[in-house]
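Peer 1:
There are 2 protein chains.
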Amino acid sequence: MAEALAGFRPARRTPVEAVPLAAALRRVPAEPVTAPHPLPGFARSTVDGYAVRAADTYGVSEGLPGYLTVTGAVRMGAEPGVTVVPGAAVAMPTGGVLPPGADAVVMIEYTAEAMPGTIEVVRPVAPGEGVVRADEDARAGDIIIPNGRPLRPQDLGMLAAAGVTSVRVHARPLVTIFSTGDEVVPPGTDVLRPGQVRDATAAALAALVADAGGSPVPGGIVPDDPGALEKALRAALPASDVIVISAGSSVGVRDETAAAVARLGPPGIWCHGLAIKPGKPTLLAECDGVPVIGLPGNPRSALVVFRLIGAPVVRLAGGCTVAPPEASTRARLSRDLASATGRLDVVQVKVGAGVATPVFGLSALLSVLTAADGYIIIPEEATGLDAGSEVDVILYA
Amino acid sequence: MAEALAGFRPARRTPVEAVPLAAALRRVPAEPVTAPHPLPGFARSTVDGYAVRAADTYGVSEGLPGYLTVTGAVRMGAEPGVTVVPGAAVAMPTGGVLPPGADAVVMIEYTAEAMPGTIEVVRPVAPGEGVVRADEDARAGDIIIPNGRPLRPQDLGMLAAAGVTSVRVHARPLVTIFSTGDEVVPPGTDVLRPGQVRDATAAALAALVADAGGSPVPGGIVPDDPGALEKALRAALPASDVIVISAGSSVGVRDETAAAVARLGPPGIWCHGLAIKPGKPTLLAECDGVPVIGLPGNPRSALVVFRLIGAPVVRLAGGCTVAPPEASTRARLSRDLASATGRLDVVQVKVGAGVATPVFGLSALLSVLTAADGYIIIPEEATGLDAGSEVDVILYA
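These protein sequence lines map, in sequence, to chains A and B.
Counting with our numbering, you get residues 1 to 397 for the letters of the first sequence.
Counting with our numbering, you get residues 1001 to 1397 for the letters of the second sequence.
(1) What is the residue span of the alpha helix (DSSP H) that B:D1155 lies within?
(2) If you count every other CB in all the chains shown that lies within 10 Å of the CB of B:M1107, and 16 or more means buried, which is it?
(3) Kindly indicate which residue of A:V52, A:I394, A:L264 has the alpha-carbon position closest to the one of A:I377.
(4) Given this structure, state the Cα-to-Cα distance separating A:G188 from B:T1034, to the nearest angstrom.
(5) Leaving out the 5 sequence neighbours to the left and right, which residues in its chain are closer than 6 Å to A:E120 when beta-carbon positions are compared?
(6) Just checking: is the beta-carbon of B:Y1396 within a distance shorter than 8 Å of some beta-carbon in chain A?
(7) Compute the Euclidean distance between the alpha carbons of A:A361 and B:S1045, then round it to the nearest angstrom.
(8) For a test of the three-state rule: what should DSSP assign to A:S400, helix, strand or coil?
(9) Please list, in chain order, the residues of the segment 1148-1172 of chain B that have any C-beta partner in chain A closer than 9 Å.
(10) Based on the DSSP secondary-structure assignment, which residues constitute the bridge partners of B:E1230?
(11) Closest to B:V1175 by CA distance: which of B:P1238, B:G1130, B:H1272 is it?
(12) If you follow the beta strand (DSSP E) that A:S215 is in, where does it begin and where does it stop?
(13) Please list the partners that A:A78 has in chain B, where partner means a Cβ-to-Cβ separation under 7 Å.
(14) Taking the straight line between their C-alpha atoms, what separation do you get for A:P36 and A:E286?
(15) Is it the case that the segment 288-297 of chain A contacts the segment 245-263 of chain A, given that we only count it when at least three CB pairs across the two stretches are under 8 Å?
(16) Counting only runs of 3+ residues fully inside the segment 1064-1124 of chain B, write out the beta strand (DSSP E) ranges in chain order.
(17) Roughly how many angstroms lie between the CA atoms of A:G279 and B:T1383, to the nearest whole one?
(18) From B:G1087 to B:D1056, what does the alpha carbon distance come to, in whole angstroms?
(19) Determine which residues of the segment 94-110 of chain A have a Cβ less than 9 Å from any Cβ of chain B, and write them out in chain order.
(20) Does the beta-carbon of B:R1300 have 16 or more other beta-carbons within 10 angstroms, so that it is buried, or is it exposed?
(21) By the criterion of Cβ-Cβ separation under 8 Å, what are the contact partners of A:A260 in chain B?
(22) For A:A160, count the other beta carbons within 10 Å of its own beta carbon; 16 or more makes it buried, fewer makes it exposed. Which is it?
(23) What in chain A is Cβ-close to B:A1327, meaning under 9 Å?
(24) Hey, could you find the ends of the alpha helix (DSSP H) A:P299 is sitting in?
(25) Among the candidates A:Y375, A:D190, A:D224, A:L365, whose CA atom is the shortest distance from the CA of A:K350?
(26) Please report whether the beta-carbon of B:V1314 lies at a distance below 8 Å from any beta-carbon of chain A.
(27) Determine the closest residue to A:A30 out of A:L303, A:G310, A:V16, with distance taken between C-alpha atoms.
(28) Thinking C-beta only, is A:G213 closer than 8 Å to A:G318?
(29) According to DSSP, simplified to helix, strand and coil, what is B:T1201?
(30) Taking the continuous beta strand (DSSP E) assigned at A:T282, which residues delimit it?
(31) Would you say B:D1103 and B:R1139 are within 8 Å of each other, going by their C-beta atoms?
(32) If we call anything under 8 Å between Cβ atoms a contact, is B:R1012 one with B:D1241?
(33) Please list, in chain order, all residues of the same chain as A:Y50 whose beta carbon is under 8 Å from its beta carbon, the five residues on each side excluded.
(34) According to the Cβ coordinates, are A:L151 and A:L25 closer than 8 Å?
(35) Can you tell me the Cβ-Cβ gap for A:C271 and A:A4, rounded? I've got them flagged as a contact below 8 Å.
(36) Please report the Cβ distance between A:V304 and A:V346, rounded to the nearest whole angstrom; I am assuming they are in contact, meaning their Cβ atoms lie under 8 Å.
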């Protein structure tokens, strides 16, 4: 598993497109964004008070206030019409432009009107106090947003502040999702014939693809026929950045899937079989530059593997080099868990009151996943975990 | 802050609408969803092997195999055409329908062809082994998805499996976002006049609203004029589930915003001023049943407060009663942090190698938020945190 995660890194990246700010949340910038001008662009007051020359306030105190003549007032969003001369003060709103001559703003709380047109100041200010510099948020040319990291709400705010209303981002990777199996029918099928099951995996995979920044493309249900699968894969190849196949659980079907993938194009199969439970019969391939991921047929195994192996491939194709953080919590394990060395085990758990309780059930059961709050990973080198041991639960968001 | 979080719980909920499964990720079910039929609906094999009567395998071993006659094979997705009689075995693919008469499936690994038409079995199976029951994933009428919790990828899989292709969910709350201030101009403004700043808050708030499951509605920029603000708020009220105002940082403007909100409708202002830094000048109100949140004028303060106070209000309006988990990490604080008792402090930090390093800067600076990986909360009762103390960093996703 460690090898697969570190080593299966297909080079494909989606092209770059420009999107407006309102559609840019979680999109991945293709290049760093720099500030076109200094921000905020002018020296601003950070408090309500009076713009002054700091030197005029040196040595003042409650017992020995300084007196300054109010020579004007700054209005929000307007150029100050006045220069601060020695002995003068200009009324300032928070966010107003610092007038020429002033180098600090004394907070209104440390002033009082002594007589009309004159204030007393009871606390000295240092130069720069109460002021944000013209380029304190960003200098012109500063990188304000890095590439490779999905845009967060505050990043959009920074871009708006800088007047950047369109961002060059990687296109969402087109991820074609195939389901295979003679027994699989569309979710909309009202009445099932004996032996039929509705396609649960495709809907869940589409959601995981969207979470990874991809755009799911329904590939439909392909019967257990290697010729049909190969044909469907070939047709999807030119319009896909990633292909995902839930490949049937029986050995024969899995082998047929592998054979169809192997014929698709070079370099072909990267690995077939992963030391993970559930999810062993996983296939990783790259065909004509397109990553192809063959998942187990059990919906639950397929989702576990796709979350661990498939989502990073989709993110990478979309230019994301900084994976968003996953929610997790520390908890104590309610019971012993056995595991084979050399195999990574993914165990679904419920979490409450600091205790992680495994949800058991056959890997064919989706209800295990819907009942779980998250999962724990028993690493390859471990032979199990003891009841009471502290575990990291990765939480489903 | 604790009072505000627990006490400001406006009763407004959005109406219910039906959405197709493909558009249901993270939507909030308005009622529990039950399984219309048992799932998977028939007893299925969980392995490749042979359907048998378990009793026929009792006592067999490597040294003393049992012999069974192969009387047929089950095909995927088809009704078994054969009944398993004593002494018989029927070949089974994983996921196939268990034939009548059989009560277990022996894995192919524990069988071998003894002669054409006969297998030997070297390990006994118990009744139910290798089989998932017809209602093991869900019984008809079982709640398969709870209301109030945003739908996760695996929940969509479960709904698809059950044939539920449309879900009744709460409509996304319509959150009208106003910016106020004579100095504020749209982000698309190319050249600023002295004293003007582009509206950074609205873009970032829209993203936080979307993250909380809401639908942001741009209310535009309102000048510092109480009449204009009241008019704009009144016009927005009928079409809003929540109203958010970034309300100007100067004392006069804040008072004018409060006055405009107070005139909007009953019950009116719930609180004005919160013991939080940054974000003290926050206003919470409910007017004619619509929650109204007045945020500080500084973009950074506004975003900090909206994340803590506003997002939960939006989620609640959208029927979400189970907040999705937030990503967080434990880290050691790089330096002492002072805090006043009785005030909740939100400190932006960078995280690396297990160390949380505060990013300092005036609350007017957005760059502090874009540089941060997350934030820590110094609770009301604390007077500060010592360097080296372990803190929970809530990570920006």
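From the three backbone atoms N, C-alpha and C, an ideal C-beta is built for every residue, glycine too.
Just so we're clear, the structure is a prediction, and the values are computed from it rather than from any experiment.
Peer 2: Let me spell this out:
(1) It spans 1153-1161 - the alpha helix (DSSP H) in which B:D1155 sits, taken as one unbroken run.
(2) A buried status is given to B:M1107, since no fewer than 16 other beta-carbon atoms sit within 10 Å of its beta-carbon.
(3) With distances taken between Cα atoms, A:I377 lies closest to A:I394.
(4) Going by the C-alpha atoms only, they are around 16 Å apart.
(5) Counting only Cβ-Cβ distances below 6 Å, and skipping sequence neighbours, we find P65, Y67, A112, A114.
(6) Among the CB atoms of chain A, one or more fall inside 8 Å of the CB of B:Y1396.
(7) According to the sequence displayed, residue 361 of chain A carries Gly and not Ala. Cα to Cα, A:G361 sits roughly 14 Å from B:S1045.
(8) With chain A covering 1 to 397 only, the question about residue 400 of chain A has no answer from this structure.
(9) For the segment 1148-1172 of chain B, which is checked against every Cβ of chain A, the residues closer than 9 Å are P1150, L1151, R1152, P1153, Q1154, D1155, L1156, G1157, M1158, L1159, A1160, A1161, A1162, G1163, V1164, T1165.
(10) The secondary-structure analysis by DSSP pairs B:E1230 with nothing; it has no beta-bridge partner.
(11) Closest by C-alpha distance to B:V1175, out of B:P1238, B:G1130, B:H1272, is B:P1238.
(12) Its beta strand (DSSP E) spans residues 215-222.
(13) Ordered by position in chain B, the residues that pass the 7 Å Cβ test against A:A78 are G1195.
(14) For A:P36 and A:E286, the distance between alpha carbons rounds to 41 Å.
(15) By the criterion of at least three beta-carbon pairs nearer than 8 Å, the segment 245-263 of chain A is in contact with the segment 288-297 of chain A.
(16) DSSP runs (the beta strand (DSSP E)) wholly in the segment 1064-1124 of chain B: 1066-1073, 1088-1092, 1104-1107, 1111-1115, 1118-1121.
(17) In this structure, the alpha-carbon of A:G279 lies about 50 Å from that of B:T1383.
(18) Going by C-alpha positions, B:G1087 is about 6 Å away from B:D1056.
(19) Of all residues in the segment 94-110 of chain A, only T94, G95, G96, V97, I108 come within less than 9 Å of chain B when Cβ atoms are compared, listed by chain position.
(20) Buried.
(21) Per Cβ cutoff of 8 Å: no residues; A:A260 is ~17 Å from chain B at best.
(22) Classification of A:A160: buried, given that the 10 Å Cβ count is 16 or more.
(23) The contacting residues are P324, P325, E326, A327, S328, L395, A397.
(24) Under the DSSP assignment, A:P299 falls in the alpha helix (DSSP H) whose first and last residues are 299-305.
(25) Nearest of A:Y375, A:D190, A:D224, A:L365 to A:K350, Cα basis: A:Y375.
(26) With its beta carbon at least 8 Å from every one in chain A, B:V1314 lies outside the interface.
(27) Cα-wise, what sits closest to A:A30 is A:V16.
(28) Judged by beta-carbon spacing, A:G213 lies within the 8 Å limit of A:G318, meaning their Cβ atoms are closer than that value.
(29) The answer is helix: DSSP assigns B:T1201 an H, G or I state.
(30) Segment: none, A:T282 is in no beta strand (DSSP E) and carries neither H nor E.
(31) No, they are not a contact pair.
(32) Yes, the Cβ-Cβ distance between B:R1012 and B:D1241 is below 8 Å.
(33) Once the five neighbours on either side are set aside, the close Cβ partners of A:Y50 are L68, V70, A89, V90, A91, M92, V105, V106, I108, T111, I119, V121.
(34) Yes; because the gap between Cβ atoms is below 8 Å, this pair is in contact.
(35) That pair is a contact at about 6 Å.
(36) That pair is a contact at about 5 Å.
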